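The next block holds one structure in the form of structure tokens; read it before the comments.
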């Protein structure tokens with residue numbers, strides 16, 4: 220997931236699979252299938268484009284628009300393959316797989332590691348790929364062995380809430396500072412997102428479905444107008460001195476330079492480099508992604524009229540998320556793949572739960588992932604527009620995390636202490652480790668400490684998980700009872716009973 | 220409030236005023252009164268000492284231990300006077316008044332203002348005092364006119380939650396970085412606080428009442444031991460070069476240098492300087508403090524067996540908090556005064572709600588506020604111990620804020636958007652304004668923008684307040700219905716009906 224565009228389940232008319240126009244095994248006519256598939260593509264587009272854009276600076280791609288365009292294209296290409304695999308032979312739910320925000324913080328930490336930070340784009344990417352591949356193998360192992368059930372026994376909403384919320388909050392250096400490169404446009408983007416997604420939502424279906432996309436297009440249009448009118452000049456030479464382009468300058472130069480077609484290939488950035496510290500850091504991202512995905516499976520099954528996921532379906536889903544991440548690591552998206560809750564929301568809104576439609580969306584992703592001009596197009600969005608999108612999107616991730624607090628007794632001082640402490644340290648500890656990375660022997664151990672310490676989500680998750688399982692508290696108080704998907708618990712108990 | 224030491228109301232046996240050993244108007248024997256009053260003093264001590272310690276760097280007191288000692292003493296002195304006034308002629312509830320964390324962020328912003336940042340301690344303090352005095356006059360006006368009821372009509376839990384939480388979270392630069400000056404001691408302090416307050420809480424009354432105080436004493440003792448053993452050397456000269464003292468070095472030098480007695484005097488740091496931008500920034504802190512205090516009145520009345528606060532009692536309480544802040548501004552604590560929820564918790568735990576006891580505590584504060592050695596003692600706590608205390612305390616403030624989310628529908632995408640956006644921008648916008656303060660004419664307007672923009676709490680509060688009142692949503696959904704103290708609402712409506 221990465222909670223953005225559309226509402227969670229709330230306003231979904233198709234809850235519980237009633238009233239579906241097309242159920243999970245239905246096959247809508249080919250024309251409808253393509254259009255509905257394209258809609259899934261549009262729904263996942265915001266988060267999927269955001270990830271490579273965010274990664275461009277830490278990966279050292281700021282001044283390499285061509286490679287950035289390739290990276291965006293690879294992202295869509297791999298997401299399509301992962302979606303196709305998941306929906307066809309994985310958990311077989313109509314669930315879109317795409318890039319995940321939960322890998323961002325560990326990726327920043329890896330890119331800042333000694334020996335990596337000094338290197339160029341390719342080397343940084345290779346280290347990230349290595350960590351993602353090792354993490355993927357672990358996820359595959361966890362999915363194949365069913366270890367995830369064991370894991371979930373210790374993970375309650377007190378752990379989830381700060382962990383997920385910190386994924387969004389930890390990105391605070393990317394929100395206002397990027398939108399503020401030129402506030403009139405950054406602010407316009409934010410204002411339009413609020414207007415479309417919150418105020419005008421009920422007035423037209425387009426606002427309900429694509430508020431962020433439409434806000435971006437409008438703001439981008441404003442940049443184009445301003446550029447045309449000469450308000451936002453491009454790079455110029457004044458008395459021999461180079462004046463940088465206006466932040467809101469809309470230029471399609473990158474687009475012209477990009478080739479029309481390019482098929483992403485495995486190891487396109489070189490051979491991955493494997494490091495234990497990088498893997499450990501990335502594993503924190505994997506844990507967060509797995510826990511989120513399981514919740515998505517239940518929501519998706521309910522929406523699409525599929526039977527309640529069994530333990531086997533859940534394990535298979537995780538297994539195929541691991542396979543998706545492995546492919547992402549091999550191709551080099553700088554990220555992994557995970558389930559997208561915004562697309563589950565789209566199923567609720569459209570009342571179309573057909574697997575076939577999601578597969579059509581996947582094929583569109585793969586095809587467009589081979590059109591380089593397409594990836595390059597997104598690199599031409601002016602930064603303040605991107606920054607405005609960040610502000611709305613990252614906040615939503617934070618509150619999707621916070622929404623888990625509804626299961627927790629918020630009058631218990633035990634809970635308040637754990638949640639608050641995990642939250643605060645999740646912001647505070649990275650501040651320490653970024654300023655004072657530790658340096659001791661063996662270097663790999665110091666690297667692990669630094670990578671984890673710079674990853675707020677990992678710090679918060681570890682503190683909450685540890686304290687929530689160590690400090691005495693009832694299941695009721697901790698929200699474990701209300702939180703765990705009932706079905707999973709029951710099938711667990713059933714199995715245990717069988718074994719006994 | 221400043222949510223720290225003891226539990227809120229949860230485990231309080233005296234809820235609803237039943238089972239009280241002493242009720243609000245009771246007069247326990249003099250010996251008991253003093254001991255119980257001293258206990259209130261110990262309960263408020265953690266937050267009250269923390270504030271001047273946090274302010275020491277922005278105010279330019281880092282290398283002025285003598286003045287810092289005076290500042291701490293003044294803090295207690297003023298808190299005592301404010302408590303005495305509030306409990307005797309204000310709302311007459313047994314409610315301790317002390318320094319408030321909600322003024323910290325605006326104070327940082329004021330100290331960073333152009334023309335202030337370059338000046339020394341006295342000038343910075345004078346600007347802070349000016350802002351606090353103007354804010355106090357406004358609070359007095361709001362309390363005297365009953366405007367607060369109008370205000371509360373727009374303020375729901377969706378506004379409160381991010382605002383209060385950001386008071387704690389915005390301090391993330393002070394937590395781990397300060398504890399991490401020497402992790403063995405910083406970590407020990409954190410570990411002991413967790414052990415005492417969460418794990419051993421039920422084993423001994425001392426842990427229940429003073430977990431933070433005891434953790435500080437233990438960790439301080441460890442520093443003293445390490446200093447004695449020579450592990451934590453003081454400032455030394457090695458080959459003519461000055462080597463700074465070990466961060467955990469425990470020295471009582473500051474204590475020796477301080478005079479025994481010193482009565483804080485009005486305007487001891489010079490004549491306050493009044494600025495509109497500083498006032499506007501500080502006013503955000505006042506709003507947060509007022510909203511919190513009102514909740515405290517209801518809790519305190521319930522705990523101490525006093526009648527449910529009427530609108531008049533609430534207004535009088537705010538009026539006297541304004542008077543307390545005015546006195547704080549005149550004496551120059553660099554802060555204001557507000558109601559302490561930890562002491563309400565202590566009433567619940569001790570089952571003593573007598574006003575007389577709180578007044579005894581106030582007198583102890585005033586007396587110890589005149590003993591300079593006493594204030595100086597706290598300046599000798601080694602920094603990592605203080606940092607450890609921050610980590611536990613600021614996290615608790617954050618989660619006290621988050622606990623307001625229990626009244627909100629966390630499945631509504633409207634609410635999630637507003638909460639998440641306010642939270643994210645509350646962290647992200649200050650990041651922008653600290654790096655890029657705006658500079659335009661008139662300068663006072665630019666100053667206002669910079670002061671507010673650097674105050675995360677103000678940004679979050681404004682965004683949440685605006686969006687929560689503008690984006691359509693039912694009272695039910697917004698949590699307004701469940702949140703507002705029923706009594707206040709009823710008396711409001713009663714009065715309106717009378718007027719009609």
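Chains as they are written, first to last, in this note's numbering: chain A, 220 to 719; chain B, 220 to 719.
Every residue, glycine too, gets a C-beta built ideally from N, C-alpha and C.
Keep in mind the model is a prediction, meaning the values are calculated, not measured.
Could you check if residue i is buried or exposed, using at least 16 other CB atoms within 10 Å of its CB as the buried criterion?
i: residue 337/B; result: exposed
i: residue 276/A; result: exposed
i: residue 259/A; result: buried
i: residue 450/B; result: exposed
i: residue 663/A; result: exposed
i: residue 346/B; result: buried
i: residue 440/A; result: exposed
i: residue 687/A; result: buried
i: residue 484/A; result: exposed
For residue i, which residues of its own chain have a beta-carbon under 6 Å away from its beta-carbon, when the five flanking residues on both sides are left out?
i: residue 523/A; result: 243, 313, 566 and 572
i: residue 348/B; result: 491, 548 and 551
i: residue 597/B; result: 268 and 291
i: residue 208/A; result: No answer is possible for residue 208/A: the residues shown for chain A start at 220 and end at 719.
Quick one: is residue i near chain B, going by C-beta distance under 9 Å?
i: residue 615/A; result: yes
i: residue 511/A; result: no
i: residue 610/A; result: yes
i: residue 666/A; result: no
i: residue 570/A; result: no
i: residue 518/A; result: no
i: residue 638/A; result: yes
i: residue 356/A; result: no
i: residue 481/A; result: no
i: residue 413/A; result: yes
Please report the straight-line C-alpha distance between residue i and residue j, rounded to a whole angstrom.
i: residue 603/A; j: residue 608/B; result: 39 Å
i: residue 631/B; j: residue 375/B; result: 15 Å
i: residue 245/A; j: residue 421/B; result: 59 Å
i: residue 658/B; j: residue 665/B; result: 6 Å
i: residue 398/B; j: residue 610/B; result: 8 Å
i: residue 621/A; j: residue 462/A; result: 44 Å
i: residue 562/B; j: residue 682/B; result: 32 Å
i: residue 280/B; j: residue 647/B; result: 28 Å
i: residue 525/A; j: residue 576/A; result: 15 Å
i: residue 574/A; j: residue 308/A; result: 12 Å
i: residue 582/A; j: residue 265/A; result: 18 Å
i: residue 531/B; j: residue 403/A; result: 46 Å
i: residue 470/B; j: residue 509/A; result: 50 Å
i: residue 479/A; j: residue 590/A; result: 6 Å
i: residue 363/B; j: residue 370/B; result: 14 Å
i: residue 493/A; j: residue 327/A; result: 16 Å
i: residue 580/A; j: residue 615/B; result: 45 Å
i: residue 289/A; j: residue 668/A; result: 33 Å
i: residue 357/B; j: residue 383/A; result: 40 Å
i: residue 587/A; j: residue 413/B; result: 53 Å
i: residue 464/A; j: residue 282/B; result: 45 Å
i: residue 332/A; j: residue 257/B; result: 51 Å
For residue i, which beta-bridge partners are listed by DSSP?
i: residue 316/B; result: 558/B
Please go through the same chain and pick out, in chain order, the residues whose beta-carbon is closer than 7 Å to the beta-carbon of residue i, but skip the five residues on each side of it.
i: residue 476/B; result: 285
i: residue 700/B; result: 694
i: residue 409/B; result: 398, 607, 610 and 611
i: residue 466/B; result: 400, 401, 601, 602 and 603
i: residue 335/A; result: 329, 342, 343 and 346
Of all the CB atoms in chain A, is at least one closer than 9 Å to the CB of residue i?
i: residue 644/B; result: yes
i: residue 650/B; result: yes
i: residue 281/B; result: no
i: residue 562/B; result: no
If I measure Cβ to Cβ from residue i and keep anything under 8 Å in the same chain, skipping five residues before and after, which residues do I get?
i: residue 633/B; result: 690, 691, 692 and 696
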